[in-house]
Structure formats: structure tokens, C-alpha cells
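S.K.: According to UniProt numbering, the residues represented by the sequence shown are 1 to 258, in order.
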Amino acid sequence: MLTIRDLSVGFRRYRGLFRHEETSRLSGLNLTLDAGEVLAVIGGSGAGKSLLAHAILGLLPPNAVLRGKLAFRGQALNPVYPPALRGRKIALIPQQVSHLDPLARTGAQMSWAARRSGSAADTTARLAALGLPPQVAQLFPDQLSGGMARRVLLAMAEAGAPDLLIADEPTAGLDPENRDAVLRMLGEHARRGAGILLITHDLKSVLPIADRVAILDEGRMRGIEFPRNFTGRGAELTSSYARDLWRALPENGFLTDA
Numbered sequence: 001m002l003t004i005r006d007l008s009v010g011f012r013r014y015r016g017l018f019r020h021e022e023t024s025r026l027s028g029l030n031l032t033l034d035a036g037e038v039l040a041v042i043g044g045s046g047a048g049k050s051l052l053a054h055a056i057l058g059l060l061p062p063n064a065v066l067r068g069k070l071a072f073r074g075q076a077l078n079p080v081y082p083p084a085l086r087g088r089k090i091a092l093i094p095q096q097v098s099h100l101d102p103l104a105r106t107g108a109q110m111s112w113a114a115r116r117s118g119s120a121a122d123t124t125a126r127l128a129a130l131g132l133p134p135q136v137a138q139l140f141p142d143q144l145s146g147g148m149a150r151r152v153l154l155a156m157a158e159a160g161a162p163d164l165l166i167a168d169e170p171t172a173g174l175d176p177e178n179r180d181a182v183l184r185m186l187g188e189h190a191r192r193g194a195g196i197l198l199i200t201h202d203l204k205s206v207l208p209i210a211d212r213v214a215i216l217d218e219g220r221m222r223g224i225e226f227p228r229n230f231t232g233r234g235a236e237l238t239s240s241y242a243r244d245l246w247r248a249l250p251e252n253g254f255l256t257d258a
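1. Assuming contact is defined by CB atoms lying nearer than 8 Å, are residue 42 and residue 189 in contact in what I supplied?
2. Apart from the five residues on each side of it in sequence, which residues of its chain come closer than 6 Å, Cβ to Cβ, to residue 142?
3. Whole angstroms are fine: how far does the CA of residue 108 sit from the CA of residue 31?
4. When you compare only the Cα positions, how much space is there between residue 137 and residue 123?
5. Is the separation between the beta-carbon of residue 239 and that of residue 222 shorter than 8 Å?
6. Once you ignore the five residues that flank residue 48 on each side, which residues in its own chain have a CB closer than 7 Å to its CB?
7. To the nearest angstrom, report how far apart residue 232 and residue 101 are at their CA atoms.
8. Residue 177 and residue 95: beta carbons closer than 8 Å?
9. How about residue 90 and residue 57: are their beta carbons less than 8 Å apart?
10. Assign residue 253 to one of three DSSP states: helix, strand, or coil.
11. Count the other CB atoms, across all protein chains shown, that sit within 10 Å of the CB of residue 234; report buried if there are 16 or more and exposed otherwise.
12. Is the beta carbon of residue 164 sitting closer than 8 Å to the one on residue 38?
13. If you run the structure through DSSP and keep just helix, strand and coil, what is residue 186?
14. Taking the beta strand (DSSP E) that residue 10 falls in, what are its first and last residues?
15. Within 10 Å of its beta-carbon, does residue 128 have 16 or more other beta-carbons around it, so buried, or fewer, so exposed?
16. On the DSSP letters alone, give me the boundaries of the alpha helix (DSSP H) that residue 69 sits inside.
17. Grab the span of the alpha helix (DSSP H) containing residue 123 for me, first residue to last.
18. Return the CA-CA distance between residue 7 and residue 70, expressed in angstroms with no decimal places.
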């Protein structure tokens, strides 16, 4: 479904009037994502996770320099505006709930998203599927809890049943109950045949729904692992960086080889 080959992203900036330099932020990334698969991309702040999402979606700023190949269902993605987006085949769950319009009620925003995707705008049914009462449709974004807002963003992204759903830190700031609810919904979307690119820093929580885990660090891919290998002291992990990351979690005793 999604193929990424030798992807690099840098940014040009001027030094003086005529000279410019390029700073690299992603370098030599190779990834594939199949239909029905959840691929978790794990990394700390500044690792390049959101930048990867923006590169796929064609949301890079004018001074960005993109190299390599991005293809969706065999069709090359234009780095300025991917053609697949016009058919709502790719959707994004943004990292910040501030992407919701503060001046519009939740139900209206869900209806707009449905109409843009060409699907039925049954707001009550969508809210019920997310475990939310119909009264939520009358609320403004600042009246929603963090968990409610995340689920509304998920409902808007799912409108039109996109083939590829990119979830950028969809559980950030959520309590365990709401976090697990959002992750279950993403897993259900994958079981209906969509590919899920799940971007997060929370390794432990995504292991139950992920099919593979890609480890990103300072713009470079440090390994791609199977969730079942994140157990014990991580002896089955193929990447030493993934092993150190796993061992350093609080529940694993903050252990490292250092």
C-alpha cells in the first residue's frame, strides 16, 4: 500500500544574502505498510516522526528538500500535494486537538468532514460508535475532555473509510482508559482493511495492536521489530537500539548496557 524508499528530508536556510545551507532532519528511510497492518513508528521528541507524516501528506514547507520515493498503491506521491489526498484515500489524525475549529460545534465539524469525504453525515451514530453520547454534538471543542476530543478527531479522519490512516501521537496526554480506547479503534480500522501508520513515543501501549514496530532516532531508522520480541530483556530484538529502549522503560528497571 505505502512504499517509502531512501527518503531524506532537509531544510534550506539562507546565510547572508546569497549563500544557503541545508540541514538534514530525515535520512535514508525505508518503510513499507500493507493494507490491514498497523505499523507503529516509535521515537522520542525530535526523532522525525511528525516530519515523516508531513512528507507523506505533502505538508512540507517551501524550504524543505525531499529526496527519495514515496508511493501509495503504486502511485508516486507528489511532495507538494499527493494526488491520493483528492480522493480522501489518505487521512490524518493530527497531534494537536487545536486542529478542531474553536468556533464550531463538534457535530457540525463531524458533518463537514463526512461531506468532504462523500459519506453519510450520521453524527449520532458516529458518536455512539466512539462511546460518546449524542449531546457531544452540541459542544464546542473547549468543552470536550482530551479523550473526547481525540475520539472526535478519529471520527473525522475515519469519515469516508480512508485506505491509509496516519495517526500522529493520537494518545498524547490521555489517561490509560481513553488511551486504550483510541488504540482499540485504530486496531478495528485496520481489521476493516486500512493501513495504519501509528506515530507515538509510547512503545509499551501500542504493542498489543501493532504488527510491526519501526524505531526512529534523530532522523534515522534504527530497526524494525515484531511486537512479540519486546519481552523479558529483549534478547529477541534484532536492533541494539530497540533493545536498549525496551530495557530502559520504568517497568523493565531502567536497564541499559551502558
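Quick reminder that beta carbons are idealized off the backbone N, C-alpha and C, glycines included.
Being a predicted model, the structure only gives us computed values, none of them experimental.
M.R.: Once the coordinates are examined:
1. Numbered from its first residue, the sequence shown carries residue 42 at position 42. Numbered from its first residue, the sequence shown carries residue 189 at position 189. Not in contact: residue 42 and residue 189 (Cβ atoms no closer than 8 Å).
2. On the sequence shown, position 142 is the one that residue 142 refers to. Excluding five sequence positions before and after residue 142, none of the CB atoms of its chain fall closer than 6 Å to its own CB.
3. Translated into positions along the sequence shown, residue 31 becomes position 31. Translated into positions along the sequence shown, residue 108 becomes position 108. The alpha-carbon atoms of residue 31 and residue 108 are separated by roughly 37 Å.
4. Locating residue 137 in the sequence shown gives position 137, counting from the first residue. Locating residue 123 in the sequence shown gives position 123, counting from the first residue. So the two alpha carbons sit approximately 7 Å from each other.
5. Residue mapping note: residue 239 aligns to position 239 of the sequence shown, counting from 1. Residue mapping note: residue 222 aligns to position 222 of the sequence shown, counting from 1. Yes, the Cβ-Cβ distance between residue 239 and residue 222 is below 8 Å.
6. Against the sequence shown, residue 48 aligns to sequence position 48. Setting aside the 5 residues that flank it on each side, residue 48 is surrounded in the same chain by 25, 26, 216, 219, each with a C-beta closer than 7 Å to its C-beta; the list follows chain order.
7. Here residue 232 is taken as the residue at index 232 of the sequence shown, counted from 1. Here residue 101 is taken as the residue at index 101 of the sequence shown, counted from 1. Our two residues, residue 232 and residue 101, have alpha carbons roughly 45 Å apart in a direct line.
8. Here residue 177 corresponds to residue number 177 of the sequence shown, with the count starting at 1. Here residue 95 corresponds to residue number 95 of the sequence shown, with the count starting at 1. Between residue 177 and residue 95, the C-beta gap is not smaller than 8 Å, which leaves the two residues out of contact.
9. Here residue 90 corresponds to residue number 90 of the sequence shown, with the count starting at 1. Here residue 57 corresponds to residue number 57 of the sequence shown, with the count starting at 1. Yes, these two residues count as a Cβ contact at 8 Å.
10. Here residue 253 refers to the residue found at position 253 when the sequence shown is read from its first residue. Residue 253 falls in the coil class under three-state DSSP.
11. Counting from 1 along the sequence shown, the entry for residue 234 is found at position 234. Result: buried.
12. Counting from 1 along the sequence shown, the entry for residue 164 is found at position 164. Counting from 1 along the sequence shown, the entry for residue 38 is found at position 38. Judged by their CB atoms, residue 164 and residue 38 are not nearer to each other than the 8 Å cut-off.
13. By 1-based counting over the sequence shown, the position of residue 186 is 186. Residue 186 falls in the helix class under three-state DSSP.
14. Your numbering for residue 10 matches position 10 in the sequence shown. Looking at the DSSP string, the run of the beta strand (DSSP E) that includes residue 10 is 2–15.
15. In the sequence shown, the residue the question calls residue 128 occupies position 128. Looking at its Cβ environment, which holds fewer than 16 other Cβ atoms inside 10 Å, residue 128 is exposed.
16. What you label residue 69 is simply residue 69 of the sequence shown in a count that begins at 1. Bounds of any alpha helix (DSSP H) do not take in residue 69; it lies within the beta strand (DSSP E) bounded by 64–72.
17. Within the sequence shown, numbered from 1, the residue matching residue 123 stands at position 123. Here the alpha helix (DSSP H) through residue 123 covers 123–129.
18. Sequence index remark: in the sequence shown, residue 7 carries index 7 (1-based). Sequence index remark: in the sequence shown, residue 70 carries index 70 (1-based). If I take the Cα positions, the gap works out to 8 Å.
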